[in-house]
Structure formats: structure tokens, C-alpha cells
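Numbering (the working numbering), first residue to last: 61 to 626. Beta carbons are placed, not taken as given, at the ideal position from N, Cα and C, and that holds for glycine. This structure is a prediction, so every number in the text was calculated from the model and none was measured.
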């Protein structure tokens with residue numbers, strides 16, 4: 061019977077380290093409802109993300125695949141893939157948790173952040189869909205949302221709005237098995253959200269709190285931005301308030317399940333896409349807020365709590381290490397889902413369903429693998445080896461004795477044998493699992509932009525790989541290995557024809573451009589002749605123009621120009 065099949069509520073938060081919750085030992089931040097969920101379920105002490113930023117980690121959770129398999133290596137920047145004429149779902153070719161559940165008769169709903177492409181439309185498996193136009197967050201009030209395929213401004217506190225819509229979905233579908241992905245865009249802890257005043261129910265709770273669980277130490281020299289947030293009480297209190305705001309939402313969701321008589325037949329999962337440092341090890345932010353990009357535990361270590369129907373394994377704590385690639389295989393075990401044999405890629409993860417009971421996992425492989433653009437890492441229970449493609453330094457840490465990862469032992473001769481062992485193990489693992497198409501360490505491509513694009517462009521130029529038809533269609537092609545710009549394929553409306561003719565180049569001002577984390581595009585131009593990118597980057601630009609999409613419709617509508625010596 062359908063009523064016997066468990067419902068699923070998958071609660072996903074944005075940039076939240078395990079350290080921020082009471083059930084993980086935080087004495088300052090109030091999270092009574094999440095703590096209760098941990099008491100009623102199973103808490104994993106050592107759960108890790110396999111990447112540092114939102115889009116890749118979410119792709120991994122829903123597919124069980126690494127970035128070198130699903131192709132999403134960095135967060136999707138504003139526009140292009142998310143909304144507008146080029147929007148597309150980056151997971152379209154893969155079986156995902158919602159698509160597998162929909163095939164088994166589940167009704168699937170999303171309330172919250174998606175950040176995986178084509179945000180205006182419900183993606184495969186979902187029939188209920190309310191989300192954000194973009195992945196970044198500027199605040200939690202008066203923000204743009206997508207509802208019924210249209211964008212509008214939502215004045216309400218977004219954390220409450222996502223909870224309200226999730227409850228609405230459950231109430232409407234309580235007579236059939238349902239899957240709700242409740243994807244909060246908080247606590248976030250970046251950008252404008254930290255400058256926005258505390259306006260939720262916790263302004264008084266944290267108004268004068270000191271919150272010593274946020275370290276006050278000197279910034280690490282690798283800080284790229286946000287170093288000024290370390291010890292900043294305004295930022296600290298705001299982050300704590302947003303964590304507690306999410307806790308309120310979890311409490312309301314649990315109360316709804318109980319009120320509707322669904323609690324004993326609903327699987328509840330609470331986790332985060334990736335962690336965030338609140339001053340730990342001298343950083344604020346994630347692994348993309350450092351230079352070089354990093355793989356510290358504070359960006360990897362996430363909460364993971366699973367409450368099973370009818371109180372199975374209540375109060376259980378698991379000490380074995382698991383990661384996001386293990387999540388889909390586990391859900392498939394719990395919910396009796398089958399991934400087709402002809403799926404484009406096979407998950408390298410393993411099911412930890414046995415850990416949700418009293419079964420021992422003596423043969424469980426506790427190696428955790430991490431991949432963020434030019435950074436790959438292997439973490440064992442005691443050690444972590446980090447390697448960079450085309451850059452240095454590599455790193456090696458004794459995680460047991462140095463949990464803050466403050467002493468890099470990579471050059472210590474006493475550890476050379478172990479370093480070599482872990483390096484070889486990591487290389488073999490990625491060689492086994494990577495799809496050559498998306499293996500950027502070996503000439504593959506990325507569906508998303510790359511922060512370290514220059515590193516890979518130089519390597520690909522040395523390989524002198526030919527441009528393929530697939531490259532040209534995807535818009536990722538470059539000429540003779542040159543990391544330049546390739547326009548998107550031209551789509552001609554029905555009834556029109558296009559003539560093309562060779563002519564002298566009309567481009568007189570070579571351009572470079574990049575997005576910041578808020579989705580603003582910075583375009584730098586040099587007056588003069590066309591130059592290869594490598595030469596262009598050696599010259600300071602004469603002009604920088606900042607383009608902004610102020611209304612979130614995917615079209616830049618504000619420009620600020622900074623000029624010199626024009």
C-alpha cells in the first residue's frame with residue numbers, strides 16, 4: 061500500500077558547519093529543535109562534503125557522483141545556466157533522488173534554494189517548485205523568489221517562507237507518499253546577509269551575546285576575503301541568529317508531521333551542502349574564500365542527522381566517516397530505489413544504511429575524497445593529504461593531533477612514506493571514478509565557470525587538444541588551447557536564414573571578464589590590438605566596467621565604469 065511507503069523530508073541548509081549546532085557541542089547557538097531531532101534519530105559525528113561550494117555539493121547529494129563525474133566543479137554564477145535563454149539543468153542526464161522517487165509514485169516538491177540550473181522550471185521529478193533565481197543571497201527579506209514560473213519579491217523572512225511553502229506541500233499531499241526538499245538559503249554567512257540587521261525572532265537572544273564559540277584569532281595569510289569578519293560581533297551574531305531561525309523552521313516542520321499523524325511514517329534528513337568557518341583556523345567563509353583554494357575540515361565537516369520512521373535507532377551516534385557521495389546509495393537502500401544499469405555514471409559512494417541500526421560496519425572504508433577545481437584531497441581518520449594541480453603548496457596534516465590543520469607536514473621526512481601512500485591511493489581512486497569528459501585534471505570540461513580557469517587553460521594549451529563539436533555546442537570551446545571567449549551557438553528562428561561572410565576583425569579592445577560571488581560581472585578592457593589571453597593579462601586594463609542585474613531577471617541593467625588613461 062502507498063500509505064506504508066515512508067515519506068521523506070530532506071532539510072538542506074546553506075554554508076553550515078557541524079560546529080554551529082548544540083547537538084555537535086556548540087554551547088552558544090540555540091538549536092533546541094535540531095537537537096531534539098538528533099535525540100530522536102541518528103547523528104553522524106564525521107560527515108563530510110566532497111567539495112567546498114553550493115552547486116557541486118548539491119549535485120553530489122542528489123546524484124551520488126563526484127564533480128569529475130557530474131561536471132559541476134564550481135557554483136553556478138548568476139545568469140546563463142540559472143535563468144534566461146541559456147538556462148539548463150546541469151543534472152539532466154543523471155538519475156537523481158527526486159527523479160527516482162517520482163518514478164516510484166512519490167510526489168516531489170522543492171521549497172528553497174536549487175542552484176543547479178534552469179531555476180524557473182520544475183526539474184525532473186518535481187511537481188511542486190518554489191525557489192530562488194540565483195544561488196547567492198543578499199539578504200533574507202524583500203528578496204526575489206520564483207513561484208509558479210514567475211519571479212516576484214517576497215517581503216517575508218525567507219526562512220519562514222520556505223517553511224510555510226513546505227508545510228503547504230505536505231498538507232496537500234499527505235494522502236500519498238511524498239518527498240520534500242526543504243532547502244534553506246541560510247545561514248549563508250556571506251556578503252550582504254551579514255550586514256542586514258537581525259530581524260527574525262532572535263534579535264534579543266543574540267543582541268549582546270559574545271558567542272565565544274566563534275574563534276577570535278589572527279587571520280590566516282591565505283584569506284582572500286572576509287578576513288574582516290573574524291571577531292566581528294555583528295557578523296557573528298547575525299550568523300547565529302540565522303542558524304536559530306532555521307531551527308525554528310525545523311521545529312515547525314516536525315510539529316506539522318506530528319499534527320498530521322505522519323511522524324511515524326516519515327524519514328527526516330538534516331544536513332548542509334558544505335561547512336563554513338566562523339573564524340576557525342583564521343578563516344571566515346568556505347574553501348573558495350582562500351587563495352589558494354583549500355580543503356580544510358571547516359569547509360568539509362557538515363551536520364548529518366537522520367530520523368527514521370517509528371523511532372528506529374533513536375539516540376544513536378555514528379563515529380564512522382561518511383560523505384555526500386554515500387547519501388544517494390543510502391537513500392536507495394532505505395527507500396528501495398534502483399539506479400538504472402545504463403546510467404551515465406556509477407556512484408563511488410557506499411550505503412551506510414547498516415549504521416542506522418545496530419549493525420556494525422567493520423569493513424567500512426573511511427577514506428573521504430574531496431575535489432574542488434585544482435584541489436584534490438584524501439582524508440583518513442588520522443591524516444589528510446591535499447594536492448594542487450599546477451600550483452603549490454601541497455599539504456599534509458595530522459588530523460588527530462592537529463584538528464585545526466595549522467601545521468603543514470608535507471616536507472617532514474618522517475612522513476614521506478605515508479604521504480606517498482596516500483598520494484598514490486588518491487590518484488588511483490580518481491583515475492577509477494572520473495569521467496574523462498568532466499575530468500578537468502586531464503583535459504575535461506566543467507559545466508560551471510571555474511575560478512582557476514587560467515590554471516587549466518594553460519595545461520590544456522600545452523596538451524594542444526583539438527576543439528570538438530561537443531565543445532563548440534556547449535560554448536566551452538577555445539581556439540588552439542587559448543582560454544578565450546566562445547559565443548554561444550546561434551539559434552535561428554523558423555523562417556529566417558543567415559548568411560556569413562569573412563571580414564576583418566571588428567574587435568579593437570580585447571576583453572577579460574569575471575563574476576563575483578554576488579553575480580556581478582566585471583569587464584576589463586585594454587585599448588589597442590587583439591592579444592592572446594596570456595599577453596592581455598600582463599597589461600593593466602584601461603577600463604573596468606561592473607555590470608549588475610538589480611531585478612534578477614537575468615539581464616544586466618546597471619553599469620558602473622572605472623576608467624584610467626583612456
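- Inter-residue distance for residue 106 and residue 226 is about 28 Å (C-alpha atoms, whole angstroms).
- Residue 424 carries a coil assignment under DSSP once its states are collapsed to helix, strand and coil.
- Counting of Cβ neighbours within 10 angstroms places residue 208 among the exposed residues, the total staying below 16.
- The alpha carbon of residue 83 has as its nearest neighbour, out of 340, 214, 365, the alpha carbon of 365.
- For residue 243, the three-state secondary structure derived from DSSP is strand.
- For residue 332, the enclosing beta strand (DSSP E) begins and ends at 326-332.
- When the beta-carbon positions are compared, residue 285 and residue 384 stay at least 7 Å from each other.
- Excluding five sequence positions before and after residue 470, the CB atoms of its chain that fall closer than 6 Å to its own CB belong to 454, 455, 456, given in chain order.
- Residue 354 and residue 135 have their C-alpha atoms roughly 15 Å apart.
- Residue 381 carries a strand assignment under DSSP once its states are collapsed to helix, strand and coil.
- In the pairwise beta carbon analysis, the segment 225-245 is classified as not touching the segment 260-270: fewer than three pairs are separated by under 8 Å.
- With a 10 Å radius around the Cβ and a threshold of 16 neighbouring Cβ atoms, residue 74 comes out buried.
- Under a 10 Å Cβ-count criterion, residue 466 is classified as exposed, with fewer than 16 other Cβ atoms of the shown protein chains found around its own Cβ.
- In this structure, residue 123 and residue 156 form a Cβ contact; the two beta carbons are roughly 6 Å apart against a cut-off of 8 Å.
- In this structure, the beta-carbon distance from residue 246 to residue 205 does not fall below 7 Å.
- DSSP places residue 188 inside the beta strand (DSSP E), whose first and last residues are 186-191.
- The segment 482-501 makes contact with the segment 422-430; the number of CB pairs closer than 8 Å reaches 3 or more.
- A straight line joining the alpha-carbon of residue 215 with that of residue 203 spans about 7 Å.
- Each of 188, 440, 447 was checked against the Cα of residue 460, and the nearest Cα belongs to 440.
- Going by C-alpha positions, residue 369 is about 44 Å away from residue 352.
- Residues 69, 367 of the same chain have their beta carbon placed closer than 6 Å to that of residue 328, with the five preceding and five following residues left out of the count.
- With a beta-carbon spacing of about 12 Å, residue 362 and residue 381 fall beyond the 8 Å limit used to define contacts.
- By the Cβ rule, the segment 388-407 counts as touching the segment 125-132, because three or more pairs are nearer than 8 Å.
- In the displayed model, residue 221 falls within a helix according to three-state DSSP.
- With fewer than 16 neighbouring CB atoms inside 10 Å of its own CB, residue 452 falls in the exposed class.
- Here DSSP, grouped into helix, strand and coil, assigns residue 398 to coil.
- Using a Cβ-Cβ distance cut-off of 8 Å, the segment 514-525 and the segment 139-153 are not in contact, since fewer than three pairs of beta carbons, one from each stretch, lie closer than that value.
- The residues 74, 75, 197, in chain order, have a CB closer than 6 Å to that of residue 248 in the same chain once the five nearest residues on each side in sequence are set aside.
- In the structure shown, residue 507 falls within a coil segment according to DSSP collapsed to helix, strand and coil.
- With a threshold of 16 other beta carbon atoms within 10 Å, residue 212 falls short and is exposed.
- For the pair residue 492 and residue 502, the Cα-to-Cα distance works out to about 13 Å.
- When the alpha-carbon of residue 486 is set against those of 446, 101, 111, 109, the nearest one is in 446.
- Counting along the chain, the unbroken beta strand (DSSP E) around residue 104 starts and ends at 102-108.
- Residue 104 sits close to residue 378, with the two beta carbons spaced by under 7 Å.
- Annotation note: the segment 401-469 contains the following uninterrupted beta strand (DSSP E) runs of length 3 or greater, listed N- to C-terminal: 428-432, 435-439, 443-448, 455-458.
- Counting along the chain, the unbroken beta strand (DSSP E) around residue 168 starts and ends at 167-172.
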